Structure formats: structure tokens, C-alpha cells
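In the working numbering, the protein residues as written are 1 to 241.
All residues carry an ideal CB built from backbone N, CA and C; glycine is no exception.
Nothing here was measured: the structure is a model prediction, and the numbers come from that model.
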Amino acid sequence: MINFKGNSMEDEIGHGTLVAELILRLAPEATLCVAKVAVAKTMPEEDTQLISRAIYWALQQDVDIISLPLGLDLLDPELDHAIKKATEVGKILIAAAGNGGLNMLRAYPASNRNVLCIHASDGKGKEGGISPNAWDNDDNFMTLGVDISLNWRDTPIVKSGTSFATAVAAAIAADVLAIISPVVSKDHRKCLRSSDGMRLMFRLLSAKADNGYSYLAPWNLWGKCKSDELIRELILDTLKR
Numbered sequence: 001m002i003n004f005k006g007n008s009m010e011d012e013i014g015h016g017t018l019v020a021e022l023i024l025r026l027a028p029e030a031t032l033c034v035a036k037v038a039v040a041k042t043m044p045e046e047d048t049q050l051i052s053r054a055i056y057w058a059l060q061q062d063v064d065i066i067s068l069p070l071g072l073d074l075l076d077p078e079l080d081h082a083i084k085k086a087t088e089v090g091k092i093l094i095a096a097a098g099n100g101g102l103n104m105l106r107a108y109p110a111s112n113r114n115v116l117c118i119h120a121s122d123g124k125g126k127e128g129g130i131s132p133n134a135w136d137n138d139d140n141f142m143t144l145g146v147d148i149s150l151n152w153r154d155t156p157i158v159k160s161g162t163s164f165a166t167a168v169a170a171a172i173a174a175d176v177l178a179i180i181s182p183v184v185s186k187d188h189r190k191c192l193r194s195s196d197g198m199r200l201m202f203r204l205l206s207a208k209a210d211n212g213y214s215y216l217a218p219w220n221l222w223g224k225c226k227s228d229e230l231i232r233e234l235i236l237d238t239l240k241r
């Protein structure tokens with residue numbers, strides 16, 4: 001854990017704590033490396049460099065997945081460079097699409113093609129009404145991000161947002177790595193441990209919606225109707241593409 005903003009590691013607004021809670025709820029064996037980059041719901045433009053610093057720190061920790069449950073209005077060249085570096089060394093980057101619905105464009109860095117952009121759905125896979133429009137020629141992944149029950153300072157709360165969907169997607173990615181890595185070759189593991197490789201896996205796990213989004217539904221792959229051998233063949237075939 002490292003602090004890039006403020007005088008302490010205390011989470012003043014709860015956002016980071018809640019997304020961390022959600023990740024560990026869904027991927028309990030994951031090890032989290034947490035970087036604090038904000039003390040408010042909005043980030044001053046001069047603080048965007050803290051996100052880049054956090055990414056470089058994450059690379060030093062040799063993490064597998066970099067989850068960015070945040071969104072900016074403007075592109076940032078320094079952050080683009082950090083994303084490029086993370087991509088080059090085979091890290092999986094996941095970021096929030098944004099909560100402005102059709103009133104806003106896809107947020108950055110989720111708009112970067114090296115990042116898996118995550119939209120928010122309800123528990124049935126229906127777009128939750130807060131995500132930006134689906135892009136043409138893109139996967140437009142979505143997962144649960146609406147009406148999520150959490151706990152903040154011993155008080156039950158309900159939260160919605162693509163940040164929380166990003167946490168769910170990061171947990172799914174962590175579970176995929178944990179389940180699949182031991183049963184595939186070194187080359188397949190290298191592919192899997194990248195944004196492009198996880199994009200392929202997310203496609204395999206997704207159900208396509210009519211509105212252009214792809215709903216992450218991993219239970220469709222690991223369902224009772226498929227044998228372990230068939231699942232392995234589907235995974236290997238996916239990673240060969």
C-alpha cells in the first residue's frame with residue numbers, strides 16, 4: 001500500500017475501500033496492492049500524474065492486473081506513456097467507462113485501446129442506464145455495477161457505478177488467471193497475462209447483448225453442461241487466436 005495524495009492512508013471518501021472490498025469478496029485469494037491517488041470524488045488536472053506514478057509503482061510490485069476504477073475527461077500523455085509501458089511488459093489494465101450515460105463520452109483511460117473498458121449492468125445483464133454509449137468495433141464489456149450491497153464503516157450501503165463494475169471485472173480476471181494459468185502452457189500463460197489475452201477470455205465468457213454491450217457471464221463457460229476437457233479445449237482455442 002502506498003499513498004500518493006494526502007497526509008495519511010485513511011480513505012476519506014470510501015471509494016477505494018469499497019472497490020477493494022468488492023474485489024476481495026469475488027476473488028478472495030487475490031493479493032491487493034493499493035495506491036491512493038485522490039482525496040475527493042473529483043481530481044484536479046495537476047493530480048492526474050499521480051495515476052501514472054501509481055501505475056509505475058504497480059509495475060515495481062509485479063502485479064498481474066491494474067484496476068483503474070476512475071475516469072477522466074481529458075487525455076493525458078504521461079498516463080498514456082505509463083499505460084504503454086504496462087502493456088509492453090504484459091499487464092492487464094481495466095478501467096471504468098464513466099457514469100454520465102449518453103450525456104458523456106467514454107471516460108479516459110478506459111478510452112485507450114490498450115485498456116479493457118468496463119460498463120455497468122444490473123444483476124440480469126441489462127445495461128444499467130449510467131454507462132456511455134457502446135462503441136462500434138469494440139467489445140463494450142459490462143458487468144454488475146448497479147445496486148451493489150456493500151459496507152462502509154459498519155453501515156450497509158448500496159452503490160452503483162462503472163467503478164464498481166470495474167472492480168467486479170478485475171476480480172473475474174483474477175479468478176480466470178488463478179483457474180486457467182496452472183493448466184495451460186507457458187506461451188498460453190504469457191498471452192493470458194495481458195490485456196489482449198484477457199480480452200479474448202472476456203469474449204469467451206460474455207453474452208452478447210442487442211445494444212452492443214457484452215455481458216460478462218463466466219458461469220456460462222463453467223456450467224454443468226460442459227466437461228472439464230471441453231472447457232479446456234475452448235480456452236486453448238481462444239488463446240490461440
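- Contact between the stretch 111-118 and the stretch 154-172 is established, with three or more Cβ pairs separated by less than 8 Å.
- Between S206 and S194, the C-beta gap is not smaller than 8 Å, which leaves the two residues out of contact.
- Shortest Cα-Cα distance from I157 to any of P109, L18, A40 involves L18.
- Sequence-distant partners of Q61 (beyond 5 residues in either direction) whose C-beta falls short of 7 Å from its own C-beta, in its chain, are C33.
- In this structure, A30 sits away from A209, with a CB-CB distance that is not shorter than 8 Å.
- Membership of M198 in the alpha helix (DSSP H) is indicated by the continuous run 195-205.
- DSSP, read as helix, strand or coil, puts I148 in strand.
- In this structure, the beta-carbon distance from L59 to K41 does not fall below 8 Å.
- About 7 Å separates the beta carbons of S131 and G101, which is inside the 8 Å limit, making them a contact pair.
- The Cβ-Cβ distance between Q49 and E88 does not fall below 8 Å.
- Beta-bridge partners assigned by DSSP to C117: A95.
- Counting only runs that start and end inside the stretch 22-105, the alpha helix (DSSP H) elements of at least 4 residues fall at 49-60, 77-88.
- CA-to-CA, the gap between R113 and N137 works out to about 11 Å.
- In the three-state reduction of the DSSP assignment, N220 falls in the helix class, which pools H, G and I.
- Within the DSSP bridge table, the entry for T166 names no partner.
- Around the CB of I179, fewer than 16 other CB atoms lie within 10 Å, so the residue is classed as exposed.
- The straight-line gap separating the alpha-carbon atoms of V184 and I235 is approximately 9 Å.
- Residue state for P182 is assigned as helix, using DSSP reduced to three classes.
- Between L22 and I148, the CB-CB gap stays under 8 Å.
- In this structure, the CA atom of K190 is about 11 Å from the CA atom of D196.
- If you compare the alpha carbons of P69, M9, I92, D154 with that of L177, the shortest gap goes to I92.
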